[in-house]
Every structure is written in C-alpha cells, then in structure tokens.
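Here is the structure we will look at, set down as structure tokens.
In the numbering used here, the protein residues as written are 89 to 408.
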C-alpha cells in the first residue's frame with residue numbers, strides 16, 4: 089500500500105500526495121504567510137491543494153481563500169503542472185453567521201462558479217471539481233451538461249462529490265458521463281462513522297447506527313478516493329482532539345504510538361487514516377507550516393493492525 093501517493097492518471101506525475109492542504113482558513117493570511125504554507129507543503133512532499141468558492145469566512149466574501157492561494161502559488165514560483173488544485177461549488181452561505189442559505193447544482197451556477205474560481209486562482213484549469221454537499225433539488229441532466237462543457241473546454245480534468253452517500257453517487261453517476269472519482273467526507277479518529285457501522289454490523293450496540301449506508305465498502309468497490317475533511321477535529325463541541333483533556337485515553341495512545349514509530353502525534357493521526365484499505369487523502373486545514381510538516385510525516389508510515397485497532401479503541405469506538 090502506497091501511503092505517499094494516490095495514482096490518478098492525468099494528474100501531475102499521474103497522481104497526488106496522500107495529504108492535501110485545505111485552504112479554508114487561508115483567506116485571513118497575508119500573501120507572504122500563505123507563501124510560507126505553500127513552500128512548507130512542497131518541502132514536505134505535498135502537491136495537492138483543496139479550496140472552494142465559499143472559503144472566505146474570515147474576510148466574509150466568496151472566493152477569498154482561493155484568491156490568496158492563487159497569489160501565493162504565483163509568488164512562490166510553483167509550476168502549475170507540478171501540483172493539483174481542487175475546488176468545490178454549490179453551497180451558498182450566510183457570511184454573517186456561517187450558516188447555509190441554500191444549495192445550487194444548476195448548470196448555470198456550476199459554470200459561473202468554476203469560471204470565478206479559475207479567475208482568482210490564476211489558472212486555466214483545475215485538476216478536480218467537486219459538488220459541495222448534496223442538493224436534494226439537483227437535476228442530474230443539468231449537472232451532466234455542466235460537467236460535459238467543463239471537460240470539453242479543458243477547465244476541469246476530474247470530477248467528484250462531497251458528503252454524499254453511496255445511493256446519491258449512484259443516482260448522479262447514472263446520468264453523468266464522467267466517472268465520479270472522489271468523495272470528500274468528514275472523517276477523523278473520533279468521527280469515524282464509515283468504519284463504525286462496519287465493525288458493529290449485526291450487533292445490538294447503539295453506539296454506531298447506520299448513517300453512511302455502507303459508504304466505505306461502496307467506495308472501496310468503485311475505487312473512489314476518500315478525502316477526509318476535519319481529520320483533526322472531534323466532530324463534537326469539544327473541538328480538536330489532540331491534547332484535549334476530553335480525550336485523555338486517545339492522547340495517551342497517540343503519544344505511545346508516536347514514540348513507538350519515532351514520529352510526531354500529528355503524523356500518527358495521518359498514518360491512522362491512510363491505513364484504511366482505500367485510496368485516502370487527508371485534507372489538512374492547518375495554516376501552520378511546522379504543523380503541516382508534521383502532518384505530512386505520516387505519509388511514510390504504515391501502522392500495523394494492532395497499533396491501528398488500539399488507537400481506534402482508545403478513540404472510544406467499540407469492537408464486538
């Protein structure tokens with residue numbers, strides 16, 4: 089299992105690194121500070137960047153993070169062909185409180201938002217484009233028309249979705265000519281429902297009701313890429329789980345694993361997620377260059393089964 093790169097024909101070097109820089113928080117950085125993040129990523133072997141049209145919560149405007157990323161990549165002198173850039177669209181937010189107003193997967197909206205993203209990113213194309221969260225009012229024919237035009241014009245090379253179930257993906261795929269290659273979902277050591285529902289299958293345990301409808305085996309079967317967002321967040325009001333007293337047992341296990349493997353706690357978290365028998369990419373949202381370097385350190389580590397399950401149990405998950 090390659091824990092450093094995911095094979096994707098047509099992307100730079102026919103693949104992308106198993107850690108991606110998520111730039112949701114980049115909007116508040118100066119270009120100089122953003123260049124430091126980009127350079128740290130490159131030095132650590134990360135060649136993938138993830139953004140979205142709505143990322144701009146700090147300055148409260150659309151496309152703000154993508155704009156800073158575009159400027160930083162240009163300032164850093166990064167060759168466009170050496171990296172993969174991904175963006176997303178379809179989620180309209182209220183910047184006053186961060187809540188969602190509505191979702192829009194109309195052909196017009198998709199085409200307009202991709203063009204806007206290309207402009208601020210200062211590029212002619214993105215390597216991948218994802219539909220951002222499900223839109224229950226979506227018309228697959230409209231999405232198919234938008235995807236076909238974007239591909240024909242060379243503006244998007246790969247397509248995917250985010251936060252969608254297996255059934256939603258199947259429904260879309262039945263109308264779309266392009267293979268949906270990626271699903272970006274929330275996944276972390278403490279927010280691991282896609283694993284939990286497999287482990288407690290056919291038991292009477294109430295700790296992991298079926299909420300993902302078999303998403304993990306579906307993605308395995310169809311060789312989809314799982315992009316894990318918020319990989320260091322607990323998925324609860326407690327926030328990040330590293331060095332959080334609410335997760336004392338997990339942090340004890342993380343420190344023990346870091347010592348055993350001669351690396352950092354951040355690297356162990358990355359290695360834990362990449363150990364799944366699935367094409368996985370960890371979307372790291374930190375804007376701290378040193379922490380980003382530690383997170384990337386997990387790309388070269390393959391945890392053994394006993395270590396992986398020990399961490400899973402320490403995170404509060406049950407094994408029957």
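Note that CB positions come from ideal geometry on N, CA and C, so glycine has one too.
* **residue 334, buried or exposed, once every other Cβ within 10 Å from all chains shown has been counted against 16** => Using a 10 angstroms sphere on the CB of residue 334, the tally of other CB atoms stays under 16, which defines it as exposed.
* Proximity to residue 194 [Cα-Cα], best of 259, 177, 267 and 398 -> Nearest C-alpha to residue 194: 177.
* Which residue's Cα is closest to the Cα of residue 104: 145, 120, 153 and 169? -> Per the Cα distances, 169.
* Can you have a look at residue 267 and say buried or exposed, based on whether 16 or more other CB atoms are within 10 angstroms of its CB? => So residue 267 counts as exposed.
* To do: Measure the Cβ-Cβ separation of residue 175 and residue 154 and say whether it is below 8 Å.
  => For residue 175 and residue 154, yes; Cβs fall inside 8 Å.
* To do: Within the region 206-235, note down every full alpha helix (DSSP H) run reaching 4 residues or more, in order along the chain.
  => Segments of the alpha helix (DSSP H) lying fully in the region 206-235: there are none.
* residue 357 versus residue 285: straight-line alpha-carbon distance, rounded -> Their Cα atoms are separated by approximately 21 Å.
* To do: Find the nearest neighbour of residue 97 within the set 246, 251, 263 and 188, judged by alpha-carbon distance.
  => Closest option to residue 97, Cα to Cα, is 246.
* Asked: What's the gap between the Cα of residue 309 and the Cα of residue 366?
  -> Approximately 9 Å, taken between the alpha carbons.
* Between the Cα of residue 149 and those of 185, 123 and 89, spot the shortest distance and give me the residue it belongs to. => Nearest C-alpha to residue 149: 185.
* Asked: What span of residues does the beta strand (DSSP E) with residue 94 cover, start to end?
  -> 93-95 is the extent of the beta strand (DSSP E) around residue 94.
* To do: For residue 266, name the three-state secondary structure that DSSP assigns.
  => Three-state DSSP puts residue 266 in coil, outside helix and strand.
* Asked: From the DSSP output, which residues share a beta bridge with residue 255?
  -> Per DSSP, residue 255 has no beta bridge partner at all.
* Distance between residue 291 and residue 130 (C-alpha atoms, nearest Å) -> About 45 Å.
* Asked: Under 8 Å, do residue 228 and residue 183 count as touching if we go by C-beta distance?
  -> Residue 228 places its beta carbon 8 Å or farther from that of residue 183.
* Buried versus exposed call for residue 391 [16 or more other C-beta atoms within 10 Å across all chains shown] -> Note on residue 391: 16 or more other CB atoms within 10 angstroms of its CB, so buried under the neighbour-count rule.
* **Buried versus exposed, by CB contacts within 10 Å (16 or more), residue 108** => Counting Cβ neighbours within 10 Å, residue 108 comes out buried, since at least 16 surround it.
* Asked: Counting along the chain, where does the alpha helix (DSSP H) carrying residue 245 start and finish?
  -> Segment 244-250 is the beta strand (DSSP E) holding residue 245; no alpha helix (DSSP H) there.
* To do: Would you mind giving the Cβ-Cβ distance between residue 126 and residue 375, rounded to the nearest angstrom? I have them listed as a contact below 8 Å.
  => Taking C-beta atoms under 8 Å as the contact rule, residue 126 and residue 375 fail to qualify, at a distance of about 11 Å.
* Asked: Helix, strand or coil for residue 89 per DSSP?
  -> DSSP places residue 89 in coil when its eight states are reduced to three.
* Asked: Helix, strand or coil: which one does DSSP assign to residue 376?
  -> Of the three classes helix, strand and coil, the one that applies to residue 376 here is coil, per DSSP.
* Roughly how far, in whole angstroms, is the beta-carbon of residue 307 from the beta-carbon of residue 271, given that I think they are within contact range, below 8 Å? -> Contact between residue 307 and residue 271 holds: CB atoms are separated by about 6 Å, below the 8 Å threshold.
* Closest by C-alpha distance to residue 165, when choosing among 216, 381, 236 and 120 -> With distances taken between CA atoms, residue 165 lies nearest to 120 out of 216, 381, 236 and 120.
* Asked: Is the beta carbon of residue 199 sitting closer than 8 Å to the one on residue 234?
  -> Yes. Within cutoff.
* In whole angstroms, what separates the C-alpha of residue 378 from that of residue 128? -> Cα to Cα, residue 378 sits roughly 8 Å from residue 128.
* Could you tell me whether the Cβ atoms of residue 99 and residue 192 are closer together than 8 Å? => Taking 8 Å as the Cβ cut-off, residue 99 and residue 192 do not qualify as a contacting pair.
* Asked: Residues bridged to residue 103 by DSSP?
  -> Residue 103 is bridged by DSSP to 95.
* Can you grab the Cα-Cα spacing for the pair residue 255 / residue 282, in whole Å? => Answer to the nearest angstrom: the Cα atoms are 15 Å apart.
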